[in-house]
Amino acid sequence: MTEVRVGKDESLDSALRRFKRQVKRSGILTDARRHEHYESPSAKRRRKLARRKRRGGAGL
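Residues in the sequence shown are numbered from 28 upward in steps of one, following the working numbering.
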């Protein structure tokens, strides 16, 4: 769980910026989007294979 404590003299904007950065680094939103809908095992394999091809992965 991501938590940001706002300092005494800290503005809300800077605290919100820190929170967004922590959420992005932790991958919470990416994970939630990935689990939003069911993905069959074959669809996962296809997605991973396409990603490896785009990135020039080893073994292809």
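Even glycine gets a Cβ: it sits at the ideal position worked out from N, Cα and C.
- A direct Cα-Cα distance of roughly 14 Å separates R79 from A70.
- In the three-state reduction of the DSSP assignment, D40 falls in the helix class.
- DSSP, reduced to helix, strand and coil, places K35 outside both helices and strands of the structure shown, so it counts as coil.
- In terms of Cβ geometry, V31 and R45 form a close pair [threshold 7 Å].
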